[in-house]
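Trainee: Have a look at the structure that comes next, please.
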Amino acid sequence: MSKSARRRRHSVSIAAALLTTLPLAVAAPATAHPATASHPSACPWMDTRKSADQRATLLLKASTLDQKLRWLVEHAANNPAQTVFSGVTYPAQVPCTPTVTYTDGPDGVRGTGGVTAFPAPISQAATWSVRLSEQKGRALADEAFGKQKNVVLGPGIASGRTPLSGRTPEYLGEDSLLSGELAAAGIRGIQADGRSGAVLKHYVANEQETDRSTSSSNIDERTLRQVYNLPFEIALDRSDPAGVMCSYNQINSVYACENPILDDVLKDDLGYDGYVVSDFYAVHSTAPSLAAGLDQELNRPIHYTPEKIHQALSAGTITTRQIDEAAYRVVRAYLAAGLFDHALPATAAADVSTAAHRATARAIAEQGSVLLKNDRDILPLKTGRKTTIAVIGATASNTPDSSGISAADACSMRFRDTPAMTCTPVAPLESITARAARTQSSVVFDNGDDVAAAAATAAEADVAVVFGWYGMGEFADPASLSLADGGDALISAVAKANRNTVVVLETGSAVTMPWIDEVRGVIEAWYPGEQQGPALARLLWGDTNFTGKLPMSFPKSIADTPTNTPAQYPGVKAEGQTIRQVDYSEGLAVGYKWYDQQGIDPLFPFGYGLSYTDYRYDRLTVSKQGRDLAVSFRVRNVGDRAGTETSQVYLTLPSSTGEPGKRLVGFRQAALKPGASQTITLKIREKSADHPLSYWDVRKDRWRTAAGTYTVSVGSSSRSLPQSDTIRLN
Ligand code: BGC
Numbered sequence: 002m003s004k005s006a007r008r009r010r011h012s013v014s015i016a017a018a019l020l021t022t023l024p025l026a027v028a029a030p031a032t033a034h035p036a037t038a039s040h041p042s043a044c045p046w047m048d049t050r051k052s053a054d055q056r057a058t059l060l061l062k063a064s065t066l067d068q069k070l071r072w073l074v075e076h077a078a079n080n081p082a083q084t085v086f087s088g089v090t091y092p093a094q095v096p097c098t099p100t101v102t103y104t105d106g107p108d109g110v111r112g113t114g115g116v117t118a119f120p121a122p123i124s125q126a127a128t129w130s131v132r133l134s135e136q137k138g139r140a141l142a143d144e145a146f147g148k149q150k151n152v153v154l155g156p157g158i159a160s161g162r163t164p165l166s167g168r169t170p171e172y173l174g175e176d177s178l179l180s181g182e183l184a185a186a187g188i189r190g191i192q193a194d195g196r197s198g199a200v201l202k203h204y205v206a207n208e209q210e211t212d213r214s215t216s217s218s219n220i221d222e223r224t225l226r227q228v229y230n231l232p233f234e235i236a237l238d239r240s241d242p243a244g245v246m247c248s249y250n251q252i253n254s255v256y257a258c259e260n261p262i263l264d265d266v267l268k269d270d271l272g273y274d275g276y277v278v279s280d281f282y283a284v285h286s287t288a289p290s291l292a293a294g295l296d297q298e299l300n301r302p303i304h305y306t307p308e309k310i311h312q313a314l315s316a317g318t319i320t321t322r323q324i325d326e327a328a329y330r331v332v333r334a335y336l337a338a339g340l341f342d343h344a345l346p347a348t349a350a351a352d353v354s355t356a357a358h359r360a361t362a363r364a365i366a367e368q369g370s371v372l373l374k375n376d377r378d379i380l381p382l383k384t385g386r387k388t389t390i391a392v393i394g395a396t397a398s399n400t401p402d403s404s405g406i407s408a409a410d411a412c413s414m415r416f417r418d419t420p421a422m423t424c425t426p427v428a429p430l431e432s433i434t435a436r437a438a439r440t441q442s443s444v445v446f447d448n449g450d451d452v453a454a455a456a457a458t459a460a461e462a463d464v465a466v467v468f469g470w471y472g473m474g475e476f477a478d479p480a481s482l483s484l485a486d487g488g489d490a491l492i493s494a495v496a497k498a499n500r501n502t503v504v505v506l507e508t509g510s511a512v513t514m515p516w517i518d519e520v521r522g523v524i525e526a527w528y529p530g531e532q533q534g535p536a537l538a539r540l541l542w543g544d545t546n547f548t549g550k551l552p553m554s555f556p557k558s559i560a561d562t563p564t565n566t567p568a569q570y571p572g573v574k575a576e577g578q579t580i581r582q583v584d585y586s587e588g589l590a591v592g593y594k595w596y597d598q599q600g601i602d603p604l605f606p607f608g609y610g611l612s613y614t615d616y617r618y619d620r621l622t623v624s625k626q627g628r629d630l631a632v633s634f635r636v637r638n639v640g641d642r643a644g645t646e647t648s649q650v651y652l653t654l655p656s657s658t659g660e661p662g663k664r665l666v667g668f669r670q671a672a673l674k675p676g677a678s679q680t681i682t683l684k685i686r687e688k689s690a691d692h693p694l695s696y697w698d699v700r701k702d703r704w705r706t707a708a709g710t711y712t713v714s715v716g717s718s719s720r721s722l723p724q725s726d727t728i729r730l731n
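Take the sequence shown: its position 294, counting from 1, is numbered 295 in this note's numbering, and each next residue is one higher.
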């Protein structure tokens, strides 16, 4: 039975008969809420031998209506010992309910020092590593808990509709399968120790920051299902996040947090049985929101105050059953995540970062860095006693330049005008200098404030490593994909002065590279977190190999992207209207599918990334196994260095389906010594949550597999697929 079918079977209903009375095994209460310690038997929902469903039912049975209402608002739900929230009064909560604290966390624990500044999620996506995403999730939840926070508002996914979306670094790229898989791994990691919950966000079609709260993502049904809903469907199939956060935007003129898709698609079709929580101030109504399936209002009570809920009840626009269901979902999810059974520490630890967490941060920075260009093997650096390396650019160093920019700015995405993560990085300059010393070579540094002086420094050196960056993050979309602070001019000047120039890019999304033909090497390091220095030094010298691959297409220019008309992006706000209308008229042609469909060459394609070794593909076989496909091929390391290759399998559907280009249907990593090979077999399952063989049939309202010829292609990127074969499905 599929997971969603299973979920539907134990469909959420607090009408479910109460359990037979079992002798109680009462867990230590997870809260300082007064009634608990002295009266454990008054809390039958603390019996850990019962299921979360049973425990939630017991708790709500013992609750008054207004006690239930507390679960519908973050502050009232999570602070049981308090009764007044921003002037709104609630009754005391039932005993034995936990203190819960949310924290933002796609990248790391925000708003505090003493934590690990991990690389941005886009870097995590570039590792293509399910294992590292899970590992990071564990570390993140561990640090959050030490800081007295037991729900992580993350991971986040979007579909990469435009590389200008400000939160691109916070998401996992443009492909449904890759982002769905990695988000699921992150959620499993966060919830692995059974004491923390994850909240997957932002549902759905939240693809820009420009007017994010006053714009409507206007999308046809097939596109909504196949492009924007699909990564959530995959993530929810492969993990059980406590919560899902609905987004700021409207979808087809109805706000996400009061959109019937919450009940109809997320809960019913996908079988999601956790709770839906709003984004911050993303609720616009009481009755329509509750009726649509919004279970909890984030932050303080505004639309879900007891007063407004009672009014709606009297007006008959909501029912007590809807309240019960919302409260039940929150309580059951908190119980299932272990929040009732593991009290937060009494005080926050000053420093929760550990050597193991920092090792994970470094591993992501290493494996997420993508080698985009390596002309005549400029890398790995071959340094010796007389070699001089010029390191150029403000983000290479911890000493700020004249405009205050330093390595800390490249650590993470931005939150308004500052880096989202508190970060004291090991700066690239420090690590490069230390590594160079091992070959007795020397390093000179110039922060690039004065371009002519930087070029002169580069001219004197044997090799120049020049850093380019731009900041982006929540609240605003960048105006372009160009480097900040005159970065393009700096790189060009350095490249003219030294023909052995390697560029290190620290950006949250794609970058335009007007200087690409002038330089010999390019590394996309994204926002590489606090371990940026050690990771980069190891890669530059080849102490470790590059394995990263782009999780998003890099266009040559914004004009080449799928959203290249104002109606599509940023959308149009007619005079006198408050809502910007954003027309998703490119339909299914998002990301690499657009470039394939239009025959446009991107600057660098999805899935692309070089290595210090070479891989060859052969022996592809494709066969039918019932309704599924079995794909098998061999990948060989034909170079002279060990490496890890991420093999990618794409499928082109029959043209009758109207699908643009091909789609990623599988990927697998293989660590290969020089000369070694591995035969990889992947099963492409028709009924899998990623629907690899199917398209959304709008007329029938379901996924459908067309008869016809399917092409399977295998290789190292979406544009390097040396092996392919066709198969007919009837
Ligand atoms: C963001 C969410 C975040 C929330 C709470 C909002 O501005 O969109 O991603 O979880 O704030 O901090």
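Built from N, CA and C at the ideal position, the CB exists for glycine as well.
1) Closest to residue 666 by CA distance: which of 195, 56, 716, 672 is it?
2) What residues are listed by DSSP as bridge partners for residue 246?
3) How about residue 176 and residue 549: do their beta carbons lie closer than 9 Å?
4) At what residue ranges does the segment 337 to 396 contain a whole run of the beta strand (DSSP E), taking only runs of 3 or more?
5) Report the start-end ranges of each beta strand (DSSP E) in the segment 674 to 709 that is 3 residues or longer and not cut off at the edges.
6) Using the rule of at least 16 other Cβ atoms within 10 Å of the residue's Cβ for burial, across every protein chain shown, is residue 1 buried or exposed?
7) Which residue's Cα is closest to the Cα of residue 170: 116, 526, 78, 132?
8) What residues match up with residue 86 in a beta bridge as DSSP calls it?
9) Find out if the Cβ-Cβ distance for the pair residue 77, residue 302 is shorter than 9 Å.
10) At what residue ranges does the segment 479 to 548 contain a whole run of the beta strand (DSSP E), taking only runs of 3 or more?
11) Looking at the secondary structure, which residues open and close the alpha helix (DSSP H) in which residue 135 lies?
12) Please work out which residues of its chain come closer than 6 Å, Cβ to Cβ, to residue 729, disregarding the five sequence neighbours upstream and downstream, and give them in chain order.
13) Taking 8 Å as the cut-off, is the beta-carbon of residue 367 closer than that to any non-hydrogen atom of the ligand BGC?
14) In whole angstroms, give me the CA-to-CA distance for residue 93 and residue 325.
15) Rounded to a whole number of angstroms, what is the C-alpha to C-alpha distance between residue 153 and residue 111?
16) Could you have a look at residue 220 and say whether DSSP puts it in helix, strand or coil?
17) Can you tell me the Cβ-Cβ gap for residue 215 and residue 579, rounded? I've got them flagged as a contact below 8 Å.
18) Compute the minimum distance between the beta carbon of residue 281 and the heavy atoms of the ligand BGC, and state whether it is under 8 Å.
19) How would you call residue 479, buried or exposed, if buried means at least 16 neighbouring beta carbons within 10 angstroms?
20) On the DSSP bridge list, what partners appear for residue 647?
21) Measuring alpha carbon to alpha carbon, tell me which of 484, 720, 719, 714 ends up nearest residue 727.
22) Figure out for me which residue from 440, 139, 464 has the closest Cα to the Cα of residue 353.
23) Mind listing, in chain order, the continuous alpha helix (DSSP H) runs of no fewer than 4 residues lying wholly within the segment 293 to 333?
24) Taking the alpha-carbon positions, what's the residue 39 to residue 155 distance?
25) Going by DSSP, what residues sit across from residue 470 in a beta bridge?
26) Mapping DSSP to helix, strand and coil, what is residue 6?
27) In three-state terms, what does DSSP make of residue 190?
28) Specify whether the segment 90 to 109 and the segment 411 to 424 touch according to this definition: at least 3 beta carbon pairs, one from each stretch, less than 8 Å apart.
29) I need the straight-line Cα distance from residue 704 to residue 117, nearest angstrom please.
30) Determine, using beta-carbon pairs with one atom in the segment 528 to 536 and one in the segment 620 to 640, whether at least three such pairs fall under 8 Å.
31) Thinking C-beta only, is residue 474 closer than 9 Å to residue 167?
32) Out of 314, 546, 410, which has the shortest C-alpha to C-alpha gap to residue 486?
33) Grouping DSSP H, G and I as helix and E and B as strand, with all else coil, what is residue 105?
34) Helix, strand or coil, according to DSSP, for residue 723 in the structure here?
35) Looking at chain B, is there any beta carbon in it that lies within less than 9 Å of the beta carbon of residue 593?
36) Taking 8 Å as the line, does the beta carbon of residue 194 fall inside it for any heavy atom of the ligand BGC?
Mentor: Judging by the given coordinates:
1) 716
2) Residue 246 is bridged by DSSP to 202, 278.
3) Contact check for residue 176 against residue 549 fails: the beta carbons are separated by 9 Å or more.
4) 371 to 375, 389 to 393
5) 678 to 685, 696 to 698, 703 to 705
6) No statement about residue 1 is possible, as the shown extent of the chain runs from 2 to 731 and does not include it.
7) 526
8) 89
9) Taking the C-beta atoms as reference points, residue 302 is found nearer than 9 Å to residue 77.
10) Residue ranges of uninterrupted beta strand (DSSP E) with 3 or more members, entirely inside the segment 479 to 548 and ordered along the chain, are 502 to 507, 522 to 525.
11) 131 to 147
12) Scanning its chain for C-beta atoms nearer than 6 Å, with the 5 sequence neighbours on each side dropped, one finds around residue 729 the residues 710, in chain order.
13) Not under cutoff, so the answer is no.
14) 18 Å
15) Rounded to the nearest angstrom, the two C-alpha atoms are 10 Å apart.
16) coil
17) 6 Å
18) Under cutoff, so the answer is yes.
19) By the neighbour-count rule (16 or more Cβ atoms within 10 Å), residue 479 is buried.
20) 670
21) 714
22) Nearest neighbour of residue 353 by Cα position, chosen from 440, 139, 464, turns out to be 139.
23) 307 to 316
24) With a pLDDT of 43 at residue 39, under the threshold of 50, the predicted position of this residue should be treated as unreliable, though the coordinate-derived value follows. So the alpha carbons of these two residues sit roughly 36 Å apart.
25) Its beta-bridge partners are 507.
26) Caution is warranted here: a pLDDT of 44 is assigned to residue 6, below 50, making its placement in the model unreliable, and no coordinate value can be reported.
27) helix
28) yes
29) 42 Å
30) no
31) yes
32) Looking at the Cα atoms, 410 is the closest of the given residues.
33) Of the three classes helix, strand and coil, the one that applies to residue 105 here is strand, per DSSP.
34) coil
35) Chain labels in this structure do not include chain B; a single protein chain is all it has.
36) no
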